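Worksheet: the structure to be examined is printed underneath.
In this note's numbering, the protein residues as written are 48 to 101.
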């Protein structure tokens with residue numbers, strides 16, 4: 048139980064870190080808000096798919 052909660056906390060932190068890094072990348076690449084949202088949705092799907100494999 049405790050290990051599961053810790054794993055979920057770590058996963059959430061990783062997602063938050065990735066999203067922060069992406070926001071900086073969006074600014075560097077001059078992404079439009081719509082592109083940013085589409086990219087975020089795709090990234091979340093990829094993260095979720097990878098985590099399901101683990």
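Ideal placement from N, C-alpha and C gives every residue a C-beta, glycine not left out. These figures come from a predicted structure and were not determined experimentally.
Does the distance from the C-beta atom of residue i to that of residue j stay below 8 Å?
i	j	result
residue 90	residue 68	no
Leaving out five residues before and five after residue i in sequence, what residues of the same chain have Cβ atoms less than 6 Å from its Cβ?
i	result
residue 62	none
residue 58	none
So, at 8 Å on beta carbons, what are the nonlocal neighbours of residue i in its own chain, with the 5 sequence-adjacent residues on each side left out?
i	result
residue 87	66, 69
Ends of the alpha helix (DSSP H) at residue i?
i	result
residue 63	49-76
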